[in-house]
Amino acid sequence: MELSLPYQLGKYLLTEEIGHGGFSYVYKAKCENYKIDFVAKILKIKEKSSVDHVFNAEVSALTSLNHPNIIRLYDTFVQDDLFVMILEYCPNGCLMDELKKVKAFNYDEFVYYGRQIVDALTYCHSKNIAHRDIKLQNILIDAYGRPKLADFGISMKMENENLAETFNGSLSYTAPEILCKKAYDPFMADVWSLGVTFAIMATGTNPWIGAGETHELKRSIMIGTYQLSKTVNSKIASLIRQMLNIDPKQRILMHKIKNSPVFKMCLPGFNTFSGKTPEFDALSISGRRYSKQFPEHSNNNTSRPEEDQIKLISIYRKNILNGFTTSKRIVPRLTCSRVPTYI
């Protein structure tokens with residue numbers, strides 16, 4: 001299903017195809033009411049019968065979630081036999097694209113991306129939503145370098161501690177209990193998938209690199225024989241091992257990941273003021289490098305930065321959080337109210 005561009009869908013003008021998958025086509029879209037770009041995710045209605053659960057799951061999940069590190073849903077409608085979702089546009093690709101630029105993330109980069117991903121997934125689980133397809137390709141990077149958890153097409157809302165029985169995610173990220181074809185806890189399966197994601201982030205390679213054939217890959221996953229370079233930071237390596245425990249009952253929980261030594265530490269450049277400041281945690285990697293040019297200080301240090309430097313950092317911090325924009329701001333159409341920022 002390809003559209004002749006430019007193509008008008010309601011108030012949205014589709015200008016460029018971004019990609020397509022088995023279920024949908026994705027286009028860059030402009031809206032005459034706002035000076036920002038959107039993404040239009042489109043499914044043809046006559047094809048809807050077999051895959052409507054994918055869009056229903058994504059719409060249901062995104063209308064229940066409001067978090068700075070989760071992709072936003074702004075609108076849904078039907079026109080010209082097309083089912084349309086209007087989503088937040090992330091111009092910098094996905095986390096895999098960022099990883100390819102450096103081969104493997106250093107400690108600061110790993111913590112910067114990892115902590116925000118953990119915050120997003122912890123928030124999902126607090127809403128009883130399991131993502132079920134965590135991987136680098138489903139973590140998008142917005143215009144300010146912030147990771148955004150996306151693609152909730154096979155997500156699942158869990159009630160009353162029920163177990164899941166189906167799975168359609170990527171094999172390399174699949175938890176061993178799923179391969180046993182038994183009912184499983186999708187939240188603990190998310191932890192496993194995130195562990196594989198972290199392993200790739202830290203090493204730049206798939207931890208199952210020795211398993212070429214599908215049956216070899218499945219065997220490696222089920223017995224937990226993965227490869228982790230000795231050059232990986234010891235704290236990160238320890239966390240990954242706890243996440244890739246083949247016994248889901250022994251696997252580390254999300255709240256413990258969030259409070260692990262890896263993510264509890266104060267990142268370089270965040271001690272410019274008194275201790276750890278949540279606002280500075282929102283800075284991108286380039287923003288942290290920018291903040292490092294100012295001298296460190298404490299209340300007991302007579303060498304303090306000039307007032308204009310403090311003012312400049314404050315302005316930079318505020319702009320990061322506000323998105324560097326003076327354009328008309330909009331709230332997701334299907335979201336009832338704002339929630340506090342999770343950092």
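Heads up: the sequence shown is residues 1 to 343, going by UniProt numbering. For each residue, glycine too, the CB sits at the ideal point set by N, CA and C. A quick note: this is a predicted structure, and the numbers were derived from the prediction, not measured.
Integer Cβ distance of residue i from residue j, believed to fall under 8 Å
| i | j | result |
| --- | --- | --- |
| L136 | T76 | So it is not a contact: roughly 27 Å between Cβ atoms. |
| L95 | I134 | That belief does not hold up - the Cβ atoms of L95 and I134 are roughly 11 Å apart, past 8 Å. |
| S172 | L217 | 7 Å |
| A120 | F187 | 14 Å between Cβ atoms; not a contact. |
| A199 | F110 | The Cβ separation is near 11 Å, so there is no contact. |
| A143 | P91 | 5 Å |
| E16 | L3 | Their Cβ separation, rounded to whole angstroms, is 11 Å, which puts E16 and L3 out of contact at 8 Å. |
| K252 | V191 | For the sequence presented, residue 252 should be read as Ile rather than Lys. Rounded, the Cβ-Cβ distance is 7 Å, consistent with contact. |
| T122 | H215 | Not confirmed; about 34 Å, so no contact. |
Cross-strand partners of residue i (DSSP beta bridge)
| i | result |
| --- | --- |
| M201 | Partner(s): none; M201 has no beta bridge. |
| Q79 | L82 |
| G19 | V26 |
| Q116 | In DSSP, Q116 forms no bridge with anything. |
| Q242 | Beta-bridge pairing links Q242 to no other residue. |
| Y12 | L9, C31 |
| L87 | V39, L73 |
| K44 | L82 |
| A130 | M156 |
| C124 | BP columns for C124 are empty, so no partner. |
Residue from the options with nearest C-alpha to residue i
| i | options | result |
| --- | --- | --- |
| residue 354 | D119, N128, F83 | Residue 354 lies beyond the range of the chain shown here (1 to 343); nothing can be said about it. |
| Y89 | N56, L163, R132, K35 | K35 |
| I236 | Q8, D108, P91 | D108 |
| K11 | I45, I86, V191 | I86 |
| A29 | V39, H20, N233 | V39 |
| M158 | I18, G145, A61, V54 | A61 |
| K127 | M156, I141, F105, Y112 | M156 |
| R132 | A57, M222, D81 | A57 |
| I70 | S220, Q250, Y113 | Y113 |
| I141 | P248, R72, K41, Q8 | R72 |
| L9 | I42, G21, H20 | I42 |
| Y74 | T174, L65, R219 | L65 |
| N33 | I45, D52, G19, L13 | L13 |
| residue 347 | A189, N259, L163, S193 | The requested residue 347 does not occur in the structure, where the chain is confined to residues 1 to 343. |
| L239 | G224, I223, K258, D247 | K258 |
| R241 | D37, S193, H215 | S193 |
| I223 | Q116, T174, C31 | T174 |
| T63 | C124, K181, Q79, S260 | C124 |
| K249 | T166, D37, P176, V54 | P176 |
9 Å Cβ cutoff, residue i in contact with chain C
| i | result |
| --- | --- |
| L3 | Of the protein chains in the structure, only one exists, and it is not chain C. |
Assigned secondary structure, residue i (DSSP; H/G/I helix, E/B strand, else coil)
| i | result |
| --- | --- |
| G195 | helix |
| D37 | strand |
| I209 | coil |
| Q137 | helix |
| A61 | helix |
| K147 | The question names Lys, but residue 147 in the sequence shown is Pro. It is a strand residue. |
| A237 | helix |
| Y184 | strand |
| K157 | strand |
| P278 | Low local confidence applies: a pLDDT of 36 at P278 is under 50, so the model's placement there is unreliable, and no value is given. |
| L228 | coil |
| Y74 | strand |
| A164 | strand |
| L253 | coil |
| A189 | helix |
| K101 | helix |
| K264 | helix |
| G269 | At G269 the pLDDT is 42, less than 50, meaning the model places this residue with poor confidence; the figure from the coordinates comes in the next sentence. The answer is coil: DSSP assigns G269 none of H, G, I, E or B. |
| N300 | Caution applies to N300, whose pLDDT of 37 falls short of 50 and renders its modelled position unreliable; the value that the coordinates give is listed next. N300: coil per DSSP, three-state reduction. |
Check: residue i C-beta below 8 Å from any heavy atom of the ligand GDP
| i | result |
| --- | --- |
| L140 | You won't find the ligand GDP in this model; it holds no ligand whatsoever. |
contact_flag[the region 149-159, the region 100-110] where n(CB pairs < 8 Å) is 3 or more: no
Three CB pairs or more closer than 8 Å across the region 199-212 and the region 223-231: yes
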